[in-house]
Amino acid sequence: MWVLRVWWVLLGTLGAGSAQLLFENITSVLINKCNSSVIIPCLVTNLQKNDTRRMFIKWKLGGSGFFVFEGHARPMKTHKNSTFQSAELECLPKLSSGIASLRLSREEAIPGNYTCEVAESNREGVITVELKKTVESWFEPVENVLIIITMVLATIFYWTQLGVVATKYDISLLKKISLIIAGLIVTVAAVIGCILLVPDGFATSNQIGLGLIVLPAIILVPLLYILLDSVFEKPPCFAVTLLLLKALGYVIAVTGFAMSVSACPPLQAPVMVAGLAIIDLVAVIALVYVIIIGSNFKDRQPPRKAVEEPLNDAKGVMLE
Ligand SMILES: *[C@@H]1O[C@H](CO)[C@@H](O)[C@H](O)[C@H]1NC(C)=O
Ligand SMILES: *[C@@H]1O[C@H](CO)[C@@H](O)[C@H](O)[C@H]1NC(C)=O
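The numbering of the sequence shown is this note's numbering, which starts it at 70 and goes up by one.
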C-alpha cells in the first residue's frame, strides 16, 4: 500500500510543477528595415482554462511595466504607459489559446529585453524576449549613393546650363528670375529628399524623401526647353530630341519610383536610377551642345540677336 502512497505523493509534486505556465522558447526577435510594426512573441503552451477572463498579462521593459491586461475586470481592461501608445495584444481573440504576444509600432519598439508575465487563475509564468534592431536603410547603400549622385549631378548641370545661357545669350530678367526660382525648387526639394531618404528603416519620412527627390525633377524638362529656346530662334531637331530624351528619362524614373515607393525592399530601384541617369546624360549633352554652339557664334553674333536686331548688335560690337 505504501508504494501507492509514494506514487500519489510523487504525482502531487508533479502536479505542483504544472502550476507553472510554460512558453514556446523564443528568446530574441529581430526588427528588420521593412518592419513597420513589431510583434514580440509570448506564447503560452500549457493553458488549462483557455478563458480570457481568468488571465492577467503584464509586459515590462528593463524591469518596469508598460502594458497590463486584466481579463478579470468588467469590462476587460488594458493599461499602457504613455511612451507605448501603440502597444496592444497581437490578437485578443486568440489570447485564450495562449497567444499573449505584443504588437508595437516601429517607433516605439525600443531594442531591449522585454518581459512577458502571464497568469491564469493561480498559475503563472514569465519569459524574457530580447528585441534587436538591424541598422539598414530602405534602399541598399549603393542605391542610396547612386540616387543622391544622379540628383546632385542633375542640379549641378542645370545651374551650369543656366549660367552659360545667361552669360552668353539675351534672357530677360523675368525669365532669369523664374529659371532661378524653378532651379531652387528642384535643388531644395532634392536636398530635403536626400536627408529624409537616407535614415534607416522604411517609414513615411523615407517615402516622402524619395518623392521629393524624384517627382520635382519634372521641372527640369520644361527648364531645358526654356534654356534651349533662349539659345535658338527655332530649336533644331537635335534640341528637340534632347528634350524628348529628358522627358523619357523622367518617365522611366517615375515608373521606378511608383513601383518602389510602397515596397520594402524597393525592387525597382535600378529602374529609377536609370531614369535619373538619363536625365543627367541629357543635361550634360545639352550643356556641351550649348557651349559649342555658343562659342561658334561668339565671334559673330548670338543667333537670336542676329535675327532680331542685327544693326544694334553690330554697333555694340564696334563700340567694344
Ligand atoms: C519583421 O518582418 C518579418 C517579415 O518581413 C517578420 O518575419 C518578423 O517577425 C518581423 N519582426 C518582428 C520583430 O516583428
Ligand atoms: C538583454 O539580456 C541579455 C542576456 O541577459 C544581454 O546579453 C543583453 O545585453 C540585454 N540586452 C539589452 C539591450 O539590455
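The beta-carbon is built from N, C-alpha and C at its ideal position, and this holds for glycine as well.
My parser needs the beta strand (DSSP E) runs of 3 or more residues fully inside the stretch 240-297; what are they? Within the stretch 240-297, no complete beta strand (DSSP E) run reaches 3 residues.
Whole angstroms are fine: how far does the CA of residue 285 sit from the CA of residue 183? As a working mapping, residue 183 is identified with position 114 in the sequence shown. As a working mapping, residue 285 is identified with position 216 in the sequence shown. Residue 183 and residue 285 have their C-alpha atoms some 44 Å from each other.
Ligand 1 heavy atom lying under 7 Å from the CB of residue 104: Residue mapping note: residue 104 aligns to position 35 of the sequence shown, counting from 1. Yes - ligand 1 has a heavy atom lying nearer than 7 Å to the Cβ of residue 104.
Would you mind working out which of 113, 135, 279 and 134 sits nearest residue 341, comparing C-alpha positions? The count along the sequence shown starts at 1 and reaches residue 341 at position 272. Cα-wise, what sits closest to residue 341 is 279.
Use the C-beta contact count for residue 189: other C-beta atoms within 10 angstroms, 16 or more gives buried, fewer gives exposed. Reading the sequence shown from its first residue, position 120 is the one you call residue 189. Looking at its Cβ environment, which holds 16 or more other Cβ atoms inside 10 Å, residue 189 is buried.
How far does the alpha helix (DSSP H) with residue 306 in it extend, from its first residue to its last? Residue mapping note: residue 306 aligns to position 237 of the sequence shown, counting from 1. DSSP places residue 306 in the uninterrupted alpha helix (DSSP H) bounded by 306-329.
Return yes when the Cβ of residue 204 is within less than 8 Å of the Cβ of residue 359, no when it is not. By one-based count along the sequence shown, residue 359 stands at place 290. By one-based count along the sequence shown, residue 204 stands at place 135. With respect to residue 204, residue 359 sits apart: the two C-beta atoms are not nearer than 8 Å.
Neighbourhood of residue 294 by C-beta distance below 6 Å, restricted to the same chain and skipping five residues each side: Your numbering for residue 294 matches position 225 in the sequence shown. Closer than 6 Å at Cβ, skipping near neighbours: 312.
Between the Cα of residue 356 and the Cα atoms of 323, 228 and 324, which residue gives the shortest distance? Position 287 of the sequence shown, counted from the first residue, corresponds to residue 356. For the set 323, 228 and 324, the Cα lying nearest the Cα of residue 356 is the one of 228.
Just to check, is the beta-carbon of residue 132 closer than 7 Å to a non-hydrogen atom of ligand 2? Taking the sequence shown and counting its residues from 1, one reaches residue 132 at position 63. No, Cβ of residue 132 sits at least 7 Å from all heavy atoms of ligand 2.
Is it right to say residue 331 is buried, meaning 16 or more other beta carbons lie within 10 angstroms of its own, or is it exposed? Translated into positions along the sequence shown, residue 331 becomes position 262. Exposed, because fewer than 16 other Cβ atoms sit within 10 Å of the Cβ of residue 331.
Residues near residue 308 by beta carbon distance below 7 Å, same chain, minus five either side: The count along the sequence shown starts at 1 and reaches residue 308 at position 239. Exclusion of the five residues before and after residue 308 leaves 297 and 301 as the residues of its chain whose Cβ lies within less than 7 Å of its Cβ.
Tell me residue 192's beta-bridge partners as DSSP assigns them. Residue mapping note: residue 192 aligns to position 123 of the sequence shown, counting from 1. BP columns for residue 192 point to 189.
What separation, rounded to the nearest whole angstrom, lies between the Cα atoms of residue 192 and residue 91? Here residue 192 is taken as the residue at index 123 of the sequence shown, counted from 1. Here residue 91 is taken as the residue at index 22 of the sequence shown, counted from 1. In a straight line, the C-alpha of residue 192 is about 10 Å away from that of residue 91.
Report the rounded CA-to-CA distance for residue 367 versus residue 103, giving the unit in angstroms. Locating residue 367 in the sequence shown gives position 298, counting from the first residue. Locating residue 103 in the sequence shown gives position 34, counting from the first residue. With a pLDDT of 49 at residue 367, under the threshold of 50, the modelled position of this residue cannot be trusted, and the question is left open.
Let me confirm a value: residue 89 is counted as buried when at least 16 other C-beta atoms fall within 10 Å, else exposed. Which label applies? Residue 89 sits at position 20 when you count from the first residue of the sequence shown. Per the 10 Å Cβ criterion, exposed.
From residue 201 to residue 173, what distance separates their C-alpha atoms? The sequence position of residue 201 within the sequence shown is 132, counting from 1. The sequence position of residue 173 within the sequence shown is 104, counting from 1. Taking the straight line joining both Cα atoms gives about 13 Å.
Contacting residues, own chain, Cβ-Cβ under 7 Å from residue 122 (five flanking each side not counted): As a working mapping, residue 122 is identified with position 53 in the sequence shown. Within the same chain, residue 122 has close Cβ partners 140 and 141.
Measuring only the C-alpha atoms, how far is residue 236 from residue 257? Here the question's residue 236 lines up with position 167 in the sequence shown. Here the question's residue 257 lines up with position 188 in the sequence shown. Whole-angstrom Cα-Cα distance: 24 Å.
Beta strand (DSSP E) runs contained entirely in the stretch 159-221, provided each spans 3 or more residues: If one requires a minimum length of 3 residues, the beta strand (DSSP E) runs lying completely within the stretch 159-221 are 171-174, 181-189 and 192-202, in chain order.
Return helix, strand or coil for residue 364, following the three-state DSSP convention. Taking the sequence shown and counting its residues from 1, one reaches residue 364 at position 295. Three-state result, residue 364: helix.
Rounded separation between residue 194 and residue 186 - CA only: Residue 194 sits at position 125 when you count from the first residue of the sequence shown. Residue 186 sits at position 117 when you count from the first residue of the sequence shown. Take the alpha-carbon of residue 194 and the one of residue 186: they are about 6 Å apart.
Who are residue 133's beta bridge partners in DSSP? As a working note, residue 133 is residue 64 in the sequence shown. Among the bridge pairs identified by DSSP, residue 133 is matched with 130.
Is the beta carbon of residue 199 within less than 7 Å of some heavy atom of ligand 2? Counting from 1 along the sequence shown, the entry for residue 199 is found at position 130. Residue 199 Cβ: within cutoff of ligand 2.
Is the stretch 122-138 close to the stretch 209-226, with three or more CB pairs under 8 Å? Per the Cβ contact rule, the stretch 122-138 is not in contact with the stretch 209-226 (fewer than 3 Cβ pairs under 8 Å).
For residue 276, is the classification buried or exposed, using 16 other Cβ atoms within 10 angstroms of its Cβ as the cut-off for buried? As a working mapping, residue 276 is identified with position 207 in the sequence shown. By the 10 Å Cβ count, residue 276 comes out buried.
Under 8 Å by Cβ, that's how I've got residue 283 and residue 318 pegged, so tell me the actual separation to the nearest angstrom. Position 214 of the sequence shown, counted from the first residue, corresponds to residue 283. Position 249 of the sequence shown, counted from the first residue, corresponds to residue 318. No, residue 283 and residue 318 are not in contact; Cβ-Cβ is about 11 Å, not under 8 Å.
Cβ of residue 246 within 8 Å of any chain D Cβ: Of the chains in the structure shown, none is chain D; there is only one protein chain.
Just to check, is the beta-carbon of residue 325 closer than 7 Å to a non-hydrogen atom of ligand 2? On the sequence shown, residue 325 is found 256 positions in, with the first residue counted as 1. Ligand 2 never approaches residue 325 closely enough for any of its heavy atoms to be under 7 Å from the residue's Cβ.
Looking only at its chain, what residues have a beta carbon closer than 6 Å to the beta carbon of residue 345, apart from the 5 residues adjacent to it on each side? On the sequence shown, residue 345 is found 276 positions in, with the first residue counted as 1. For residue 345, where only same-chain residues beyond five positions count, the Cβ hits under 6 Å are 219 and 322.
How is the beta strand (DSSP E) around residue 147 delimited, first residue to last? Against the sequence shown, residue 147 aligns to sequence position 78. First-last of the beta strand (DSSP E) with residue 147: 146-149.
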